[in-house]
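Each number in our numbering corresponds to the 1-based position in the sequence shown with 264 added. Presented below is the structure to which this report refers.
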Amino acid sequence: PSPLTTTSAASAPPDNSNKPAAPPVHVLPTQLATIYSYIHPAALLSAFAARFPALVNDPVAEMAQQLPLLALAHVAYVMICLPAAGSSDSTTSTTTTTPASPSTPTASSASSTGTTTGTNEKGGNVILRPGRASLLSLTLTTLLATPVLSILLVLFGAPFTTHHAQTVLCAAHMAILSSTALVYVHGVDGNVWKEVWGAKRPGDIVWGGALGTCVGAWLGAVPVPLDWDRPWQAYPITLLTGAYIGFVVGSVLGRSVLFGKRI
C-alpha cells in the first residue's frame, strides 16, 4: 500500500455510530447496594403476592393504598443501589488535562479535576445529589410518565370511556417501576432518552427493569379477554401482575446475561 493510504487509514476517526449515549449502569460498588439490589425485587414480588387477594377483591382501593408504599420503596432502592445523574459512577465525563510541568503542579492538578464538579460534558447532564435526583425522578415520574403510560394503555386496548381510575393507577404503578430509576440515573439527558424511546439502550439493571415492566404488562393483557370467568381476569389485575414480574425478570437479566447488549 502507498504511504498516503497507510497514513489516511491510521488517522481515520473511530466509528462511534454504535456507541451508546451513556454506558450501561452498574450497581454501586458497596456491600449494602449489592445486597439490597437483590432484596428489593424479591420484597416487591413477595408483597405483591401477599396482597394479591385484596387486589382481586378491590383493584382501585388496593392500588391506591399501595402506591405511596411502592414509591417510597423504589426511591430507597435507587438511592441505595444506583448512581445519581451525572455522577462519576453513572457516566464517564470527559476531562481535559494539561501536561504537567515542574513549575505549575497546582494548575495541572486543577485542570484535571475541575470538570468533575460541574456538568457532564458528554451529555450536558447536571450532576445531582442523591436527594435531589430522587426528588426529580419521582416528580417527573408523577407528572410525565404516568400520563404517558395512561395514554399508551388506552391506545393498546384499555377502556376509554370507563375504568379511568384503574387505568391511571395501573399507569402510576408502571411509571414508578419503569421510570424512577431511569430519571434518577440519567436525568434529562436527551440523547439517552432518545435511546430509551427507540429501545436502543444497552442492557443493564435500569433499562432491563424498565423494558421488563412494559413487556410484562403487555403480556399480562393476554388473559383479560379469555372466556375463563375468573375474578383475577378483571382489568387491570393481570397487567399489573405482568408489570411487577416483568420488572423483576428484566432487572435480573439486564444486570447479568444481557448486560451491555442491545435488543
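Note that CB positions come from ideal geometry on N, CA and C, so glycine has one too.
Expected contact under 8 angstroms - CB spacing of residue i and residue j to nearest Å
i    : j    : result
L346 : V470 : 7 angstroms
A397 : A439 : At roughly 17 angstroms, the Cβ-Cβ gap does not stay under 8 angstroms, so A397 and A439 are not in contact.
M327 : L407 : With 8 angstroms as the limit, M327 and L407 do not qualify as a contact, their Cβ atoms being about 19 angstroms apart.
V324 : P495 : Contact doesn't hold; Cβ gap of about 15 angstroms is too wide.
L248 : A481 : Any question about residue 248 goes unanswered here, given that the chain covers just 265 to 527.
Collapsed DSSP secondary structure at residue i in the structure displayed
i    : result
F312 : helix
S520 : coil
S211 : Since the first residue shown for the chain is 265 and the last is 527, residue 211 is missing from the structure and cannot be characterised.
F511 : helix
H450 : helix
K458 : helix
G506 : helix
G395 : helix
N384 : Confidence at N384 is low in this model, with a pLDDT of 43, below 50, so its placement is unreliable and no value can be given for it.
I527 : coil
P287 : coil
P423 : coil
T444 : helix
P411 : helix
Exposure label - residue i; buried when at least 16 CB within 10 Å
i    : result
D453 : buried
G518 : buried
T298 : exposed
S520 : exposed
L419 : exposed
A285 : buried
T505 : buried
| query | Mind pulling the alpha helix (DSSP H) runs of 4 or more residues that sit fully within the stretch 468 to 499? | reply | 469 to 484
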